[in-house]
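Novice:
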Amino acid sequence: MRNIVYVIFSFFCAVATAQCNLLSELQSEGFENLLLIENNEELELHYENRRYRFEGIALRRVLESIAELDCLAEKITLIIYNKGLPITEITTKKSLINELISGSISATVFNSQSHFVFTTRKKPKQKETQSSYLKTDLAVAARTDYLLGNFDNPIRWTPTLLPSIQTTLAKGTQINATYGVVLFDDLYFWEKSRWRYAFASHNGRLPGTIFTRLSAGFFELTQFGIEGHATKFFLEDKFRLDLNLSLTENRFLDTPPGRKAIDKNHLSYGVKATYRYAPWTTDLSIHYGRYIFDDTGYTILLQRQFNEVFIGFFMREVDRQIVGSFGTLYDKNYGFQFTAPIGIKKHLKPSYLRVKTDEQFFLEYNYTGGVDIGARIYAPGTVIHELEEYYPSTLKKALENYTKTGK
Amino acid sequence: MDSLFFYMRKYLIGFVLGITLSSFSQSSTGTRGLVKVPTARMFEDGTLSIGAAFIPPGYHKRTFGLKQGELVPNAGLNTFVTVNLFPFMEVMFRYTHEANLVVRPYTEYFPDRMFSARFKVLDESEKKPAIVIGLQDVTAAFDASCVGCSNFSSTYVVASKQFYFKEIKIDASIGYGGGLGNLKVKEFDGFFGGVQISPTNFYDAQILVDYDATYLNIGVQKQLFNRIQTMVSYYPNLQKIGWVLAYRQNMF
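Note that the protein sequences, when read in sequence, are chains U and W.
Using our numbering, the first residue of the first sequence is number 314, and each one after it goes up by one.
Using our numbering, the first residue of the second sequence is number 435, and each one after it goes up by one.
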């Protein structure tokens with residue numbers, strides 16, 4: 314009889330533990346930097362996603378896990394991290410999450426009754442579960458440089474495979490390295506397989522929703538040096554101000570035969586103001602500055618974000634004329650750019666060495682010509698570079714779309 | 435026996451229409467439209483369409499050299515990417531290729547690039563038609579390409595209204611095209627229009643008839659797997675066969 318009571322007691326204990334073990338559930342799903350703080354009627358969940366390609370999908374998955382458990386507090390706050398930094402905060406109610414996941418209410422209703430903001434919270438001192446630090450991602454991307462408009466050869470191109478590694482060393486500190494394997498070179502006639510990036514960045518967040526980045530190393534477009542970037546938001550993600558500054562030399566990390574440095578102590582800078590129309594997740598921005606190939610001017614960009622897809626149209630004018638097709642000269646450069654997701658939506662669980670697909674493919678198409686103007690330092694994989702995924706308006710829109718389409 | 439033949443014929447016609455027609459027409463120019471002419475319809479916000487349209491020999495317009503602007507014996511292929519960037523705006527980027535030509539200095543041939551933007555200025559209501567203003571291949575007017583490079587330029591306004599005739603759904607469109615500034619009109623010069631006919635029994639079946647200000651064209655179309663649009667058309671003046679094949683997806 315005593316054994317039967319023990320078995321029944323053990324069974325109910327196991328069920329109760331399973332019901333309330335949100336951390337284990339999210340840990341087994343591959344979320345990182347997990348922290349669960351429960352005070353009276355309030356639950357605070359900190360998490361970082363590197364399992365899902367898009368933050369909107371990860372948020373949906375977290376909400377589903379919360380909805381499955383009946384023993385959680387009514388008031389719930391989610392704090393979403395990137396590189397160990399708290400970025401976005403969502404305050405809502407358990408009952409709303411249940412209704413959203415069960416389909417009783419729409420995401421629009423959920424969004425209107427929840428509070429999405431860039432967080433001002435600091436990372437708590439408690440030790441997180443499943444740290445994201447000192448884990449390395451190995452990804453392979455593909456890219457092609459090309460040029461149109463020559464009778465000798467209609468499309469000159471240089472396709473390149475880009476194996477890369479990325480590691481977060483500690484809170485906000487990361488290293489990135491990308492090697493370019495040139496499949497063939499029909500465009501430059503000197504390009505060889507060589508390092509494309511090898512830099513370290515420290516990402517930070519200052520009071521007042523200011524994100525910062527300081528990087529040093531070797532960047533794309535043969536820039537060797539340091540760069541700094543600061544981003545400030547006003548009225549949540551409605552207005553954004555970016556400042557960038559870099560001091561670089563134009564040289565290679567592993568110089569191809571016959572190539573050499575062109576300039577030294579090269580200073581480039583820029584200021585960019587962006588307005589976001591949240592209902593259409595659309596940004597209108599103007600950037601003014603001195604670009605990395607000594608041209609000074611401005612770029613106006615109108616860009617729409619469709620979850621992970623970005624399509625933008627730009628107009629650029631600098632202090633030099635632009636050579637277009639068949640040698641025609643233009644004052645302004647028009648074109649479009651798009652960023653599209655590639656690879657799989659759900660990666661393997663993060664580990665000390667994880668193989669994954671690259672996340673995005675970026676292409677800029679210069680309709681008028683002038684591929685060598687308006688170039689800026691590009692630091693992929695850093696917090697500021699990935700911020701759009703964490704915008705409150707992006708997360709809201711993603712929830713609305715997933716409710717609508719079930720994707 | 436007559437009755438059996440009647441039903442067999444009816445279902446055969448229904449089957450043919452069912453596999454060749456659909457309710458999402460995309461014209462051979464790459465924008466939303468009928469066989470060739472644009473309409474005031476737009477796809478859902480965030481729709482991306484990538485496709486190609488085969489222009490039959492004798493109807494393709496040369497885009498370079500001495501015979502620029504003239505119809506040539508070679509066939510053409512329009513390859514396009516069309517995006518509904520906003521609920522009220524559609525943009526399209528197209529390469530126009532001429533078959534049987536290679537890009538070499540001695541041919542002086544290079545595929546033509548063009549950009550189009552269409553803006554919806556009025557939504558359809560019970561009494562009012564939908565109205566769209568289109569800017570096709572007009573980048574030269576904004577100093578983004580050379581005037582001589584514009585081979586398909588047209589600025590137009592088009593209205594579309596849907597109504598029923600007995601049990602047949604008809605979507606009628608009429609428009610007027612002209613130049614823009616010093617850029618002469620090269621397509622849809624004057625009045626154009628057409629109808630899209632969807633028999634009620636085949637709600638996803640459509641017959642397209644249009645007049646592109648020069649020729650009369652007719653076509654049938656079908657959407658496959660909710661992603662792929664196919665259209666077979668007879669033009670110009672019902673003389674030759676052309677086709678459109680496009681893949682469509684909403685980016686949200």
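Each residue gets a CB set at the ideal place from its N, CA and C atoms; glycine is no exception.
Return the CA-CA distance between H698 of chain U and A692 of chain U, expressed in angstroms with no decimal places.
Specialist: Approximately 7 Å, taken between the alpha carbons.
Novice: Within 10 Å of its beta-carbon, does K618 of chain W have 16 or more other beta-carbons around it, so buried, or fewer, so exposed?
Specialist: exposed
Novice: Can you list, in chain order, the stretches of the beta strand (DSSP E) that have 3 or more residues and sit fully within the region 501-567 of chain W?
Specialist: 510-520, 523-532 and 546-556
Novice: Name, going along the chain, the residues of the region 569-596 of chain U whose beta-carbon falls closer than 9 Å to a beta-carbon of chain W.
Specialist: W593 and T595
Novice: With a 10 Å radius around its C-beta and 16 neighbouring C-beta atoms as the bar for buried, classify A634 of chain W as buried or exposed.
Specialist: One point to set straight first is that residue 634 of chain W is Thr, not Ala, in the sequence displayed. Exposed.
Novice: Would you identify the three-state DSSP class for F576 of chain W, choosing helix, strand or coil?
Specialist: helix
Novice: Count the other C-beta atoms from every protein chain shown that fall within 10 angstroms of the C-beta of V555 of chain W, then say buried if there are 16 or more, exposed otherwise.
Specialist: exposed
Novice: Using a Cβ-Cβ distance under 8 Å, would L519 of chain W count as near chain U?
Specialist: yes
Novice: Taking Cβ to Cβ, would you say L391 of chain U is nearer than 8 Å to L349 of chain U?
Specialist: Not closer than 8 Å, so no.
Novice: Alpha carbon to alpha carbon, what distance is there between G653 of chain W and N616 of chain W?
Specialist: Looking at the two C-alpha atoms, the distance is approximately 34 Å.
Novice: When the cut-off is 8 Å and only beta carbons count, does K709 of chain U lie next to chain W?
Specialist: Not one chain W Cβ lies under 8 Å of K709 of chain U.
Novice: Are the C-beta atoms of S584 of chain W and some chain U residue less than 8 Å apart?
Specialist: So, not an interface residue.
Novice: Count the CB pairs spanning the region 631-651 of chain U and the region 425-439 of chain U that are closer than 8 Å, and state whether there are at least three.
Specialist: no
Novice: List the residues of chain W that V622 of chain U touches, going by C-beta distances under 7 Å, in chain order.
Specialist: Here the neighbours are M685.
Novice: Could you list which residues in chain W have their beta carbon closer than 8 Å to that of F619 of chain U, in chain order?
Specialist: Neighbours of F619 of chain U on chain W, chain order: G480, M685 and F686.
Novice: Could you give the DSSP three-state label for V592 of chain W: helix, strand or coil?
Specialist: strand
Novice: Excluding sequence positions up to five away, which residues of its chain have a Cβ less than 7 Å from the Cβ of T330 of chain U?
Specialist: Confidence is the limiting factor: at T330 of chain U the pLDDT is only 45, short of 50, which leaves the residue's position unreliable, though a coordinate-based value still follows. Excluding sequence neighbours, T330 of chain U sits near nothing in its chain.
Novice: Output needed in chain order: residues of the region 556-588 of chain W with a Cβ under 9 Å from some Cβ in chain U.
Specialist: Listed by position, the residues of the region 556-588 of chain W near chain U (Cβ gap below 9 Å) are T573, F576, D577, A578, S579, C580 and C583.
Novice: Would you kindly work out how many angstroms separate the C-alpha atoms of L455 of chain W and E504 of chain W, rounded to a whole number?
Specialist: Here L455 of chain W scores only 36 on pLDDT, less than 50, and its place in the model should not be relied on; the value that follows carries that caveat. Their Cα atoms are separated by approximately 32 Å.
Novice: Nearest-angstrom Cα distance between S632 of chain W and Q460 of chain W?
Specialist: Distance between the alpha carbons of S632 of chain W and Q460 of chain W is about 15 Å.
Novice: Mind checking the region 534-549 of chain W against chain U and listing, in chain order, the residues whose C-beta falls within less than 9 Å of any C-beta there?
Specialist: V536, V537, R538, P539, Y540, T541, E542, Y543, F544, P545, R547 and F549
Novice: Suppose the cutoff is 6 Å on Cβ atoms and the five residues either side in sequence are ignored; what does the same chain contact list for N671 of chain W look like?
Specialist: Cβ neighbours of N671 of chain W beyond the five flanking positions: Y649 and L650.
Novice: Please indicate yes or no: does the CB of F544 of chain W lie closer than 7 Å to some heavy atom of the ligand FAD?
Specialist: With respect to small molecules bound, the structure shown includes none, and the ligand FAD cannot be examined in it.
Novice: So, V696 of chain U versus N516 of chain U, is the Cβ gap smaller than 8 Å?
Specialist: yes
Novice: Between Y681 of chain W and chain U, is any beta-carbon pair separated by less than 8 Å?
Specialist: no
Novice: To the nearest angstrom, how far is it from the Cα of G676 of chain W to the Cα of H494 of chain W?
Specialist: 11 Å
Novice: Give the straight-line distance between the Cα atoms of D632 of chain U and G682 of chain U, rounded to the nearest whole angstrom.
Specialist: 15 Å
Novice: Which whole-angstrom value describes the C-beta separation of K396 of chain U and T481 of chain U, a residue pair presumed to lie in contact below a C-beta threshold of 8 Å?
Specialist: 5 Å
Novice: At a Cβ cut of 7 Å, what residues of the region 489-500 of chain U count as close to chain W, listed as they run along the chain?
Specialist: Within the region 489-500 of chain U, no residue qualifies.
Novice: At the level of alpha carbons, what is the spacing between R689 of chain U and Y604 of chain U?
Specialist: 6 Å
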